[in-house]
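K.L.:
Here's a structure for you.
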Amino acid sequence: FRVDISKECEVFEEPQKCISKSKCQLHSLTDLKIEVPNEWIKEDYKKKEKDKFSPLITFDIVKPQKQIYNSWSIDNVTDTSVYIDLLKDKEMFTGYQGQDIWRRVYEDNCYILSKKCGRNEFMSKVVSGMHTSVSSHLSEYCIDLDKNNSFIFPNINQYFRQVGSYKERMENLIFAVQVLLRALLASINKLQSFKIETDDLKDDLKTSSLLSLLLNKFYDFKQDDFNSKNIFIDNISIEEQKSLYLEYFSNILKLMDCVDCQKCRVYGKMQLLGLGFALRQLIDYKNENIERNELVAFINTLNKWTESI
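Quick note: the sequence shown, position 271, residue 424 per our numbering, numbers continuous.
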């Protein structure tokens, strides 16, 4: 997964720190065995040149700022972007306390779309589902920082404190997975024809086979029309709400830059990109072509959220 984790926090003056730097660090950054395919490097270079002129970056003083968010490609390539091996750097408990980040995530959703918390039920439920998944994984892969911090175990008490005792949180997780599955169904033809290139024919065939195996499980499902009323509220135009959603995602991505734990930052950005991809498939019928990195994010987000159930 390609990600930029070098950006400075623009939201908090003193963001919360991770108490266990060794657990928060990414092994992928020091592993010289990770090789990035040449095709990906070429692709990234082209995208980086294109992003320099992106409307997400260029500010036009003639238009209101919210009108510049007319692209769903919230994944940009920078000079400091790196590749992370998600199999070597798994999401797990690191001791990092991110309550301030989550509080701000929920507050920004309230402010952006309705000026009143709880009004936009759709987005609140999806974000809560993401939060529930994260809490579930951190409970499943827990360590005792006071004793043996190399022993990983399922922390049942922590799970019930954060997830298991809250029926609504578990329901929101299921709702969030349903949103991802609807997006998969909506984009299934695009995913079937997605070209996989890693400079390794054997690996490409294996990856294509696995992707087809996943898609075939859903290919015959009836894709009923997605009810946009589940996403949009009545008193704001749909086009304006799309722009507000993009602004919300941009704001949350900035919040991720305030996460001191490197692992947490990577998985936060990955799941947001996966969710952003899903929303684009469901509500933007003129959506752009699928990009490799957002497909990686979407498949891994779908995997993590379903695994949490």
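Note that beta-carbon positions come from the ideal geometry of N, C-alpha and C, so glycine has one too.
What does the alpha-carbon distance come out to for the pair residue 452 and residue 357?
P.N.:
Using only the alpha carbons, I get a separation of about 16 Å.
K.L.:
By the DSSP assignment, the alpha helix (DSSP H) with residue 284 in it spans what residues?
P.N.:
274-293 is the extent of the alpha helix (DSSP H) around residue 284.
K.L.:
Drop a sphere of 10 angstroms on the beta-carbon of residue 292, count the other beta-carbons inside from all chains shown, and report buried for 16 or more, exposed for fewer.
P.N.:
Classification of residue 292: buried, given that the 10 Å Cβ count is 16 or more.
K.L.:
With distances taken from CA atoms, which of 168, 392, 162, 236 is nearest residue 449?
P.N.:
With distances taken between Cα atoms, residue 449 lies closest to 236.
K.L.:
In chain order, what residues of the same chain have a beta carbon less than 7 Å from the beta carbon of residue 258, not counting five sequence neighbours either side?
P.N.:
Cβ within range, chain order: 280, 405, 408.
K.L.:
Hey, out of 386, 344, 321, 431, whose CA is closest to residue 366's CA?
P.N.:
For residue 366, the nearest C-alpha among the options comes from 344.
K.L.:
Just the C-alpha distance for residue 411 and residue 422, rounded to the nearest angstrom, thanks.
P.N.:
Distance between the alpha carbons of residue 411 and residue 422 is about 12 Å.
K.L.:
Take residue 445 as the anchor and find which of 314, 369, 351 has the nearest alpha-carbon.
P.N.:
The residue with the shortest Cα to Cα distance from residue 445 is 351.
K.L.:
Is the beta carbon of residue 342 sitting closer than 8 Å to the one on residue 285?
P.N.:
No; because the gap between Cβ atoms is not below 8 Å, this pair is not in contact.
K.L.:
Under a three-way DSSP split, which group does residue 401 fall into?
P.N.:
Helix, per DSSP.
K.L.:
Pull up the distance between the alpha-carbon of residue 240 and that of residue 164, whole angstroms please.
P.N.:
Answer to the nearest angstrom: the Cα atoms are 30 Å apart.
K.L.:
Where do the N-terminal and C-terminal ends of the alpha helix (DSSP H) with residue 318 fall, by residue?
P.N.:
Counting along the chain, residue 318 falls outside any alpha helix (DSSP H), and DSSP gives it neither H nor E.
K.L.:
Which one of 428, 169, 156, 168 has the shortest CA to CA distance from residue 201?
P.N.:
Checked all of 428, 169, 156, 168; the closest Cα to residue 201 is 156.
K.L.:
What does residue 306 pair with, by DSSP beta-bridge criteria?
P.N.:
The partner list for residue 306 (beta bridge, DSSP) reads 295.
K.L.:
Please go through the same chain and pick out, in chain order, the residues whose beta-carbon is closer than 6 Å to the beta-carbon of residue 434, but skip the five residues on each side of it.
P.N.:
Taken in chain order, the residues that qualify are 336, 339, 340.
K.L.:
Between which two residues does the alpha helix (DSSP H) harbouring residue 192 extend?
P.N.:
191-204 is the extent of the alpha helix (DSSP H) around residue 192.
K.L.:
Just the C-alpha distance for residue 402 and residue 243, rounded to the nearest angstrom, thanks.
P.N.:
If you take the alpha carbons of residue 402 and residue 243, they lie about 24 Å apart.
K.L.:
Please classify residue 371 as buried or exposed, where buried requires at least 16 neighbouring CB atoms within 10 angstroms.
P.N.:
It counts as exposed.
K.L.:
Return helix, strand or coil for residue 209, following the three-state DSSP convention.
P.N.:
Legend: pLDDT at residue 209 = 48, less than 50; position of this residue unreliable, no value from coordinates given.
K.L.:
With a threshold of 16 other CB atoms inside 10 Å of the CB of residue 413, please say whether the residue is buried or exposed.
P.N.:
Label assigned to residue 413: buried.
K.L.:
Go ahead and label residue 447 buried or exposed: buried means 16 or more other beta carbons lie within 10 angstroms of its beta carbon, across all protein chains shown.
P.N.:
That one is buried.
K.L.:
Give the C-beta separation of residue 119 and residue 398 to the nearest angstrom, bearing in mind that I take them to be a contact with Cβ-Cβ under 8 Å.
P.N.:
With the chain covering 154 to 462 only, the question about residue 119 has no answer from this structure.
K.L.:
What residue range does the alpha helix (DSSP H) around residue 228 cover?
P.N.:
Taken as a continuous stretch (DSSP letters only), residue 228 belongs to no alpha helix (DSSP H), as it is neither H nor E.
K.L.:
By how many angstroms is the C-alpha of residue 364 removed from the C-alpha of residue 354?
P.N.:
Answer to the nearest angstrom: the Cα atoms are 15 Å apart.
K.L.:
To the nearest angstrom, how far is the alpha carbon of residue 298 from that of residue 171?
P.N.:
So the two alpha carbons sit approximately 12 Å from each other.
K.L.:
Taking the alpha carbon of residue 467 as the reference point, which residue from 247, 303, 385, 193 has its own alpha carbon closest?
P.N.:
Only positions 154 to 462 of the chain appear in the structure, and residue 467 is not among them; the question remains open.
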